[in-house]
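Residue numbers (my numbering), protein chains in the order written: chain A, 271 to 406; chain B, 271 to 406; chain C, 271 to 406; chain D, 271 to 406; chain E, 271 to 406; chain F, 271 to 406.
6 protein chains.
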Amino acid sequence: MKVSVFRQTHFNAAHRLHNPEWTPEKNKEIFGKCNNPSYHGHNYELIVKVYGEINPVTGFVIDLKVLKDIINEHVLERFDHKNLNIDVEEFKNLNPTAENIAVVIWNILRSKIDSHLELTVRLYETPRNFVEYDGA
Amino acid sequence: MKVSVFRQTHFNAAHRLHNPEWTPEKNKEIFGKCNNPSYHGHNYELIVKVYGEINPVTGFVIDLKVLKDIINEHVLERFDHKNLNIDVEEFKNLNPTAENIAVVIWNILRSKIDSHLELTVRLYETPRNFVEYDGA
Amino acid sequence: MKVSVFRQTHFNAAHRLHNPEWTPEKNKEIFGKCNNPSYHGHNYELIVKVYGEINPVTGFVIDLKVLKDIINEHVLERFDHKNLNIDVEEFKNLNPTAENIAVVIWNILRSKIDSHLELTVRLYETPRNFVEYDGA
Amino acid sequence: MKVSVFRQTHFNAAHRLHNPEWTPEKNKEIFGKCNNPSYHGHNYELIVKVYGEINPVTGFVIDLKVLKDIINEHVLERFDHKNLNIDVEEFKNLNPTAENIAVVIWNILRSKIDSHLELTVRLYETPRNFVEYDGA
Amino acid sequence: MKVSVFRQTHFNAAHRLHNPEWTPEKNKEIFGKCNNPSYHGHNYELIVKVYGEINPVTGFVIDLKVLKDIINEHVLERFDHKNLNIDVEEFKNLNPTAENIAVVIWNILRSKIDSHLELTVRLYETPRNFVEYDGA
Amino acid sequence: MKVSVFRQTHFNAAHRLHNPEWTPEKNKEIFGKCNNPSYHGHNYELIVKVYGEINPVTGFVIDLKVLKDIINEHVLERFDHKNLNIDVEEFKNLNPTAENIAVVIWNILRSKIDSHLELTVRLYETPRNFVEYDGA
Chain A
271 MKVSVFRQTH FNAAHRLHNP EWTPEKNKEI FGKCNNPSYH GHNYELIVKV
321 YGEINPVTGF VIDLKVLKDI INEHVLERFD HKNLNIDVEE FKNLNPTAEN
371 IAVVIWNILR SKIDSHLELT VRLYETPRNF VEYDGA
Chain B
271 MKVSVFRQTH FNAAHRLHNP EWTPEKNKEI FGKCNNPSYH GHNYELIVKV
321 YGEINPVTGF VIDLKVLKDI INEHVLERFD HKNLNIDVEE FKNLNPTAEN
371 IAVVIWNILR SKIDSHLELT VRLYETPRNF VEYDGA
Chain C
271 MKVSVFRQTH FNAAHRLHNP EWTPEKNKEI FGKCNNPSYH GHNYELIVKV
321 YGEINPVTGF VIDLKVLKDI INEHVLERFD HKNLNIDVEE FKNLNPTAEN
371 IAVVIWNILR SKIDSHLELT VRLYETPRNF VEYDGA
Chain D
271 MKVSVFRQTH FNAAHRLHNP EWTPEKNKEI FGKCNNPSYH GHNYELIVKV
321 YGEINPVTGF VIDLKVLKDI INEHVLERFD HKNLNIDVEE FKNLNPTAEN
371 IAVVIWNILR SKIDSHLELT VRLYETPRNF VEYDGA
Chain E
271 MKVSVFRQTH FNAAHRLHNP EWTPEKNKEI FGKCNNPSYH GHNYELIVKV
321 YGEINPVTGF VIDLKVLKDI INEHVLERFD HKNLNIDVEE FKNLNPTAEN
371 IAVVIWNILR SKIDSHLELT VRLYETPRNF VEYDGA
Chain F
271 MKVSVFRQTH FNAAHRLHNP EWTPEKNKEI FGKCNNPSYH GHNYELIVKV
321 YGEINPVTGF VIDLKVLKDI INEHVLERFD HKNLNIDVEE FKNLNPTAEN
371 IAVVIWNILR SKIDSHLELT VRLYETPRNF VEYDGA
């Protein structure tokens with residue numbers, strides 16, 4: 271029996287949407303208030319979904335304490351209370367849109383979770399704007 | 271990389287469930303309190319999901335401001351603070367169940383969003399009763 | 271020891287804001303979309319707060335099952351899946367604003383709950399617009 | 271047109287994670303605080319999803335009142351305000367992890383819902399830890 | 271300037287409502303399903319409110335990290351993943367109703383927080399049933 | 271009859287906690303991760319409460335559209351998608367803790383709302399950390 275297991279967590283970060291190849295006017299036109307050069311920020315809510323067989327000995331697909339520790343060490347330690355554009359290596363040359371943040375987090379977690387488990391990442395930038403990525 | 275992008279919004283509307291080909295007794299039996307001839311209403315929460323490739327120049331699947339404007343103009347302007355049975359053309363001859371409202375909204379939005387983007391509509395009639403339609 | 275006890279419940283209703291002594295233009299100017307003559311509606315969330323001494327024998331201020339039954343019988347039976355303007359006696363000559371609905375519900379409940387218990391009613395018309403009345 | 275219909279409900283239960291074939295030390299190591307021999311508990315939130323064709327006569331995939339009654343009779347009556355390990359037959363020899371509870375509920379409901387309708391069960395053990403099972 | 275500061279946290283616990291001086295029938299009549307001798311449980315949400323002057327040097331009424339540590343050490347360590355009736359000293363002879371749990375938590379915290387700060391405790395037993403105590 | 275009316279809204283901002291009279295070590299010790307010199311951010315949720323008599327002609331304490339416009343013009347235009355430390359005048363010499371932000375917003379709104387109406391501001395920095403100020 272294959273079950274999806276979800277763990278929701280969060281991090282608070284500053285960011286700015288910006289394309290350095292565009293003029294300031296073009297950046298303002300496309301990214302609007304999100305282009306503010308002094309940054310703004312969000313309480314990001316992150317839901318990590320892991321899909322696989324139930325281990326009949328434990329009754330777990332994955333021990334949620336283990337999953338929580340992986341997320342804490344590899345995502346929250348690097349993203350929480352940070353400025354994504356300045357402090358997080360992956361966004362030095364990548365615009366930190368919700369889409370791109372979700373892909374970056376998925377890539378980080380994919381290498382830490384057993385490959386026979388499927389992985390999906392959902393990221394809420396606000397309660398009304400969110401994205402989901404499953405490696406497709 | 272293909273990502274799902276979600277935009278949640280809401281509208282407040284009155285409606286009534288009713289099949290004009292049935293007797294009042296049959297309507298009462300099937301639709302219960304929802305058949306009240308003077309209507310009742312809901313705060314509908316609408317989540318529109320768009321799935322497609324990330325544009326590498328913007329980092330967006332779709333600009334959420336653009337998506338928001340499409341929803342506002344084509345759905346909220348016509349549904350918000352309305353009586354669905356009386357004020358909305360599509361329900362003149364269609365029972366405004368949550369299922370049918372979701373299909374109507376999907377059809378409206380499908381014609382306004384690029385065809386290479388997949389579209390799914392989730393509609394909450396109450397926090398505990400909701401539906402989802404993806405054109406299947 | 272005096273404790274506040276809260277019970278949250280909900281009802282779905284249609285309504286319309288309207289002052290019959292005004293012109294249609296004045297009604298439209300003041301009440302905007304809420305003046306739609308064919309009504310709109312809401313999922314109202316109702317929180318009833320009762321404040322008083324803990325009964326040392328039961329450990330209750332008030333048995334929440336009893337409070338729930340009072341709310342069901344005297345409020346929900348009369349308000350749920352109704353049109354407030356048409357179906358609820360109290361709004362025949364009273365504009366069903368959130369403020370007035372809260373006062374009406376408070377008056378209904380005040381007569382059903384022991385007078386040594388203090389009563390407050392909070393009513394959410396939407397998750398972002400709400401009111402509270404305590405008999406002051 | 272095929273639509274998913276969701277009904278969310280809840281039950282409050284005690285449970286304990288435990289593998290009787292392990293030593294107390296091994297149980298403590300794997301299940302941590304969840305192994306407490308005097309039990310702990312949760313407000314479980316249950317979302318039942320039913321997917322199928324809209325009935326053109328009613329506008330329903332399934333009458334949510336019917337679905338609600340099925341869930342009440344076959345799940346809530348047996349799980350709500352219970353100790354899952356002690357009071358619920360299915361967990362006499364099955365560890366009541368969220369994964370296993372979801373599978374048990376899915377099996378119960380599968381036999382009560384028309385086979386042409388697809389069924390998925392989502393179970394929140396806490397707002398941040400949840401699972402989903404669709405019979406796969 | 272006096273400001274209220276709130277910290278919300280949670281614990282998962284089993285409990286049973288029971289008055290040992292009553293017959294089983296009387297207990298069943300008053301406490302209903304909550305009297306189940308094998309216990310049931312809840313995800314309790316706890317909101318601690320501290321009211322006092324803003325410290326002009328820090329801009330804090332109380333450092334929320336300090337408040338969080340106090341709640342963790344003195345409440346969560348003792349209540350989380352426990353059976354309140356069996357594992358928590360204060361309920362050996364006190365019925366663990368939401369009202370009594372809130373008073374017990376308030377008394378625990380009152381002795382750990384500076385006396386010039388006012389203290390209020392709100393406890394959600396479920397999202398719809400909750401209580402509040404401020405020492406009155 | 272006096273009723274409280276609440277309007278909830280939100281803004282997304284970056285900020286940093288810092289006391290320029292302290293050493294970097296002291297700032298790090300007291301403000302921890304919140305002292306990050308490149309900033310972090312939040313989705314702030316703001317609830318404005320206005321308390322006063324119901325106007326018998328409109329049924330309103332205050333027209334929520336008017337209150338919404340006041341909040342938009344005087345708070346959101348200045349705080350949303352901004353860096354509080356850099357972009358908002360009031361925090362040039364004031365540490366933008368949740369407490370201080372609430373006081374600043376209260377002072378802004380107090381001058382825009384009729385003085386016979388009482389005003390309270392609640393500000394959520396995260397869903398679990400929040401503050402409230404009523405001018406006391």
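Don't be surprised by glycine CBs; every beta carbon is placed ideally from N, CA and C.
Going by the beta-carbon positions, is the gap between residue i and residue j smaller than 8 Å?
i: D:H351; j: E:H310; result: yes
i: F:R277; j: F:I378; result: no
i: D:V281; j: D:Y314; result: In the sequence under discussion, the amino acid at residue 281 of chain D is Phe, which differs from the Val named in the question. Cβ atoms of D:F281 and D:Y314: closer than 8 Å.
i: F:I371; j: F:L337; result: no
Taking the alpha-carbon of residue i as reference, which of the options has the nearest alpha-carbon?
i: F:T252; options: F:N399, F:V401 and F:L346; result: The requested residue 252 of chain F is not part of the displayed model; chain F covers only 271 to 406.
i: E:C304; options: C:G329, C:K298 and C:S308; result: C:G329
i: D:L354; options: D:V327, D:A406 and D:S308; result: D:S308
i: E:H285; options: E:E291, E:N306, E:K296 and E:N297; result: E:N306
i: A:V401; options: B:R392, B:N365, B:V331 and B:P366; result: B:V331
i: A:E323; options: A:M271, A:S385 and A:G302; result: A:M271
i: B:S385; options: B:Y321, B:P366 and B:D333; result: B:Y321
i: F:N297; options: E:V327, E:L316, E:N297 and E:A406; result: E:V327
i: D:G302; options: A:Y403, A:K382 and A:D333; result: A:D333
i: E:G405; options: E:I383, E:W376, E:N399 and E:F349; result: E:W376
i: D:I383; options: D:E359, D:P397, D:D339 and D:P294; result: D:D339
i: F:N325; options: C:I300, C:L316, C:I317 and C:F349; result: C:I300
i: B:N399; options: D:N399, D:R348, D:P397 and D:L316; result: D:L316
Taking all protein chains shown into account, do 16 or more other C-beta atoms lie within 10 angstroms of the C-beta of residue i, making it buried, or fewer, making it exposed?
i: E:R380; result: exposed
i: D:D357; result: buried
i: C:N363; result: exposed
i: C:N365; result: buried
i: A:T367; result: buried
i: A:A283; result: buried
Contact defined as beta carbons within less than 8 Å: I believe residue i pairs with residue j. What is the distance between those atoms, to the nearest angstrom?
i: D:E369; j: A:V275; result: 7 Å
i: B:E395; j: B:H288; result: The pair is not a contact, with the Cβ atoms about 16 Å apart (cut-off 8 Å).
i: D:K335; j: D:T390; result: Contact flag wrong, Cβ pair sits at about 20 Å.
i: D:V273; j: B:V373; result: 7 Å
Please find out if some non-hydrogen atom of the ligand HEM comes closer than 7 Å to the beta-carbon of residue i.
i: E:V320; result: In terms of ligand content, the structure shown is empty, and the ligand HEM therefore cannot be addressed.
So which residues on chain G does residue i lean against when the C-beta distance must stay under 7 Å?
i: B:D357; result: Judged by its chain identifiers, the structure shown contains no chain G, and its protein chains are A, B, C, D, E and F.
| message | At a CB distance below 7 Å, what residues from the segment 298-310 of chain F approach chain E? Give them in sequence order. | response | I300 and G302
| said: Which residues of the segment 359-372 of chain A have a Cβ closer than 9 Å to any Cβ of chain B? Give them in chain order. | reply: L364, N365, P366, T367, A368, E369, N370 and A372
| Interface positions of the segment 316-327 of chain E facing chain C (Cβ-Cβ less than 8 Å), listed along the chain | Here the close residues number zero.
| said: Any C-beta of chain B within less than 9 Å: which residues of the segment 386-403 of chain D qualify? | reply: Listed by position along the chain: nothing, the set is empty.
| message | At a CB distance below 9 Å, what residues from the segment 340-354 of chain C approach chain B? Give them in sequence order. | response | Those residues of the segment 340-354 of chain C that come within reach of chain B (Cβ to Cβ, closer than 9 Å) are D350, H351, K352 and N353.
| message | Beta carbons nearer than 8 Å to chain B: which residues of the segment 273-298 of chain D have them? | response | Here the close residues are V273, S274, V275, F276, R277, Q278 and T279.
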